[in-house]
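J.: Residue numbers (my numbering), protein chains in the order written: chain A, 17 to 275; chain B, 679 to 1157.
Sharing a structure, written as structure tokens. Questions coming.
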Amino acid sequence: MPQHDYIELHQKRFGKRLDTEERARKKAARQPHELAEKAQNLKGLKAKMFNKERFKEKALMKKQMLAHEEKDIEVNVEDVKDGAVPTYLLDREQQQQSKVLTNMLKQKRQEKAGKWDVPIAKVKQMSEGEMFQVIESGKRKQKSWKRRINKVCFVPETFTRKPPKFERYIRPTGLRFKKANVTHPELKTTFSLPLLGVKKNPQSALYTTLGVITKGTVVEVNVSELGLVTQTGKVIWSKYAQVTNNPELDGCINATLLV
Amino acid sequence: MDQTKKKIKPNQITLLAPDTRVFVTLINPYGEEAQKSLELSVNTTKQELQSILQQLVKTEEDQVYSFFHNNIELLDTLNQLIASDPEYKLENTFSLTYHPQSLFRIQPITRQTAALEGHEQPVLCVQFKTHGDILATGSGDTTIRLWDMLTETPIATLQGHKNWVLCLAWSPDCKYIASGSHDGQVCIWDVQTNQLKGQPLKGHTKWVTSIAWQPMHLDEECTLVASSSKDGCIRIWSRISLSCLIVINAHQKAITKMLWGGQGYIYSASEDTTIGVWNKTGKRVQELKGHGHWVNSIALHTDYTIRCACFSEGNTDINTKQAKVFYDKILNGKNERLVSASDDQTLMLWEYTSSKPKVRMTGHQQQVNHVQFSPDGRYIVSASFDKSLRIWDGYNGTWIATLRGHVGSVYQVSWSSDSRYMLSASKDSTLKLWSLQKKKLAFDLPGHADEVYAVDWAPIGGEKAGSGGKDRRVKIWRH
């Protein structure tokens, strides 16, 4: 093995021998004979190693020869894939809408039973101190029957406050939200949908009536922009979703749609 | 009568005295005047006008006409129509456009009669045999199924394709079906024996997008069928020798739709925004340029006539002379009108003689997916991804009405054979029946569980319509 490129240097400086091509050709022509002699005469471990290499080479060659011989190869032998679409949709990337919807009767029954298959089944218990902030009132700040809600809440459009003198629960406007970022679990896309109401807060029924939204709350969202239709032909415009984050910490309500 | 009373408010009617006479000119649908003006009494009714017109134009005795002035229809007397036009003065001639109306009436489709199971993958294309007694459906499970419409049961499953069956077309004499698949193969099936004729025809390198047979009045034997593909080529195959006769390298990009017109030209709409007009020897006759984005669909005003002209209701005989007669009648001495729908949200009206469009029709807010001429060639309806359908005048392309009601993109649309109703199939899994006269929704047809991909209304007979979609069911609908 040459230790440096002195051979190439010499060839560049002085040129090659005049018969180099012929000599190389003849050497290559002798190779198969030499290999055959080796294969027949080698013994022992060397024979084993040589035979292994030769076997691999022969297998490769056979495959190539077969490939050359076959004339009627079907170039694109594709398996029949799922998700057949007609010609006008083939070149388009379409959002796939999961269309098998639960029908109205099933939904009504579930509502009655109060059973819901929700992603977040159990929620950590929240103490009252965490939820409410005691607000002192009165001339000497001795009355402490007012409470301010520290969590995000939802108030309906027609909401008007009770007279400040009488309202026990204060819902600060900074913590009132109208929209939620709802993710469809199968499509894996998120939409910003307006809220319609709070269905159930797992902490307490009181929080449900107040409209407090914490992690695990089931809310009702307006899904008319998704364009879903039942099998009877009616357009679905509201669905339930469960809140998956702590809205008072993030500043937004993230929920997953309950399909 | 009640309709007219609702339209004209009481304080706006200025009816002329019953004995006044007006000058009327009758104008044919193309805008040419029939004769010099006639002097008629103001109380002329529709029936009287029809008999006058029949004498003037010398048509068959049973042809019924409807009369319009500025797109308002004449319902009882001429007086009402004159009153609706506030700018008309007695000295001017009153222009009345007449349109031939179809004699028969198709009953609207109201209910589903069958949900046919069998396909294992979404149903991609649906087409009735011209007489409406057999329905052929092609699907992603590589089979074509034939369904008998009298009993609403399956007849046969045609297997031979190796990939999704994307498009199929009945031959003009309805003895053969040609179908194209996702791997570029075209198969010709003999319907009388329900067998594949020969071998699948190979040649296209990418999927086949549409198939069209040569019209019957050009060739009685129906030997030639053309197929277009995503690879931009049109191949003309012979049914008898089962070989490719001509390859036309039509476009650089995919061909989305191809039609074989009655004047012998092949129209190909492509994703390279142009429409090519070719004759069957492969030579390019014209290149229609004008769109700004992919051309999705094209339609000819003689489409329905080419499909059905050789048949008549009642018997299954093929009458090739009748095919020529009906075709000449609808052509009326002019050229075929072509309308194209594109991703650039516009439609264009063309004639093959000029490479510039005659009319550009705008209004849709998203891609226009499908366009169809009405069977009498008077109206065009376009279905778009903006969830609406629009009706346009078939002669000059003016917008007539927008039909809203779908909550998802509208994929396909089909006309009833009397041009009075339209059926639309949409992504929101419903079909909707629209009335042309009232320009609004007539019936809502829910029932599919998923997107509806294809719809067809039986051409002759017109009793049934069939639809197929992603839920793998083929549904039959009737009155």
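Using N, Cα and C, we set each Cβ at its ideal position, and we do this for glycine too.
How would you call Ala814(B), buried or exposed, if buried means at least 16 neighbouring beta carbons within 10 angstroms?
T.: buried
J.: Using 7 Å as the threshold, is the C-beta distance between Val843(B) and Ile822(B) below it?
T.: yes
J.: Residues in the same chain with beta-carbon distance under 6 Å from Phe207(A), minus the five sequence neighbours each way, listed in chain order, please.
T.: Val198
J.: Are the C-beta atoms of Asn689(B) and some chain A residue less than 7 Å apart?
T.: Here the model assigns Asn689(B) a pLDDT of 47, short of 50, so the residue's position is not dependable, and the following value carries that caveat. By this cut-off, Asn689(B) is not an interface position.
J.: Does Arg177(A) pass the burial test, meaning 16 or more other C-beta atoms within 10 Å, or should it be called exposed?
T.: exposed
J.: Relative to the C-alpha of Gln1115(B), which residue among Ile1078(B), Asp1122(B) and His1048(B) is closest?
T.: Ile1078(B)
J.: Below 7 Å CB to CB, which residues in the same chain sit around Leu1111(B) once its five sequence neighbours on both sides are set aside?
T.: Pro786, Ile787, Tyr1099, Leu1101, Ala1120, Phe1121 and Leu1123
J.: Taking Leu265(A) as part of the alpha helix (DSSP H), name the residues at either end of that continuous run.
T.: Pro263 to Asp266
J.: Just to confirm, are Asp1064(B) and Gln1090(B) a CB contact at a threshold of 7 Å?
T.: Their beta carbons are not under 7 Å apart, which means Asp1064(B) does not touch Gln1090(B) by this criterion.
J.: Please confirm whether Val1091(B) has its beta-carbon closer than 7 Å to some beta-carbon of chain A.
T.: no
J.: Under 8 Å Cβ to Cβ from Asn721(B), same chain only, skipping five residues before and after it: list those, please.
T.: Pro696, Thr755, Leu756 and Asn757
J.: Ordered along the chain, which non-local residues of its own chain (more than five positions away) have a Cβ less than 7 Å from that of Glu899(B)?
T.: none
J.: Taking its Cβ as the centre, do 16 or more other Cβ atoms sit within 10 Å of Lys958(B), making it buried, or is it exposed?
T.: buried
J.: In the DSSP assignment, what residue or residues form a beta bridge with Asn927(B)?
T.: Cys911(B)
J.: Output, in sequence order along the chain, the residues in the segment 237–249 of chain A whose CB is closer than 7 Å to any CB in chain B.
T.: Gly243, Val245, Gln247, Thr248 and Gly249
J.: In whole angstroms, what separates the C-alpha of Asp1006(B) from that of Phe782(B)?
T.: 21 Å
J.: Please determine, among Asn706(B), Ile914(B) and Gly796(B), the residue with the shortest C-alpha to C-alpha distance to Thr831(B).
T.: Gly796(B)
J.: Give me the DSSP bridge partner(s) of Gln870(B).
T.: Gln870(B) is not bridged to any residue.
J.: So Leu106(A) contacts chain B; which residues on that side make the cut at Cβ distance below 9 Å?
T.: Leu844, His860, Trp885, Thr887, Lys908 and Ala932
J.: Can you tell me which of the three DSSP states Arg39(A) falls into?
T.: helix
J.: May I have the straight-line CA-CA distance separating Asn238(A) from Lys194(A), to the nearest angstrom?
T.: 11 Å
J.: For Asn770(B), go through chain A and note every residue whose CB falls closer than 9 Å to its CB, in chain order.
T.: By Cβ distance, chain A contributes nothing, its closest Cβ being about 48 Å from Asn770(B), past 9 Å.
J.: In whole angstroms, what is the alpha-carbon distance linking Glu1014(B) and Thr983(B)?
T.: 12 Å
J.: Quick one: give me the first and last residue of the alpha helix (DSSP H) that Leu1027(B) is part of.
T.: Unbroken run through Leu1027(B) is the beta strand (DSSP E), Thr1024 to Glu1029; no alpha helix (DSSP H).
J.: Here's a check: name, in chain order, each residue in its chain whose Cβ is nearer than 7 Å to the Cβ of Thr951(B), leaving out the five neighbours to either side.
T.: His969, Gly970, His971, Trp972 and Val973
J.: Pairing CB atoms from the segment 260–271 of chain A with CB atoms from the segment 215–233 of chain A, are three or more of them under 8 Å?
T.: Put simply, the segment 260–271 of chain A touches the segment 215–233 of chain A. At least three CB pairs are less than 8 Å apart.
J.: Provide the residue span of the alpha helix (DSSP H) that contains Gln149(A), from first to last.
T.: Careful: Gln149(A) lies outside any alpha helix (DSSP H), inside the beta strand (DSSP E) at Phe148 to Ser153.
J.: Could you give the residue range of the beta strand (DSSP E) that holds Lys255(A)?
T.: In the DSSP assignment, Lys255(A) falls within the unbroken beta strand (DSSP E) covering Ser254 to Val259.
J.: Enumerated in chain order, which unbroken segments of the alpha helix (DSSP H) with a length of 4 residues or greater are wholly contained in the segment 190–244 of chain A?
T.: 221–226
J.: Of all the CB atoms in chain A, is at least one closer than 7 Å to the CB of Ala847(B)?
T.: no
J.: Would you mind reading off the limits of the alpha helix (DSSP H) that contains His26(A)?
T.: Boundaries of the alpha helix (DSSP H) harbouring His26(A): Tyr22 to Phe30, taken from the DSSP string.
J.: Can you tell me whether DSSP reads Thr682(B) as helix, strand or coil?
T.: At Thr682(B) the pLDDT is 45, less than 50, meaning the model places this residue with poor confidence; the figure from the coordinates comes in the next sentence. Thr682(B) falls in the helix class under three-state DSSP.
J.: Which chain B residues sit within Cβ distance under 7 Å of Val251(A)?
T.: Val1085
J.: Compare the C-beta of Ser1107(B) with all C-beta atoms of chain A and state if any pair is closer than 7 Å.
T.: yes
J.: Looking only at DSSP bridge pairs, what is Trp161(A) linked to?
T.: Paired residues: none, contrary to the question.
J.: Please list the residues of the segment 1125–1136 of chain B that have a C-beta atom closer than 9 Å to any C-beta atom in chain A, keeping them in chain order.
T.: Per Cβ criterion, the list reads Gly1125, His1126, Ala1127, Asp1128, Glu1129, Tyr1131 and Ala1132.
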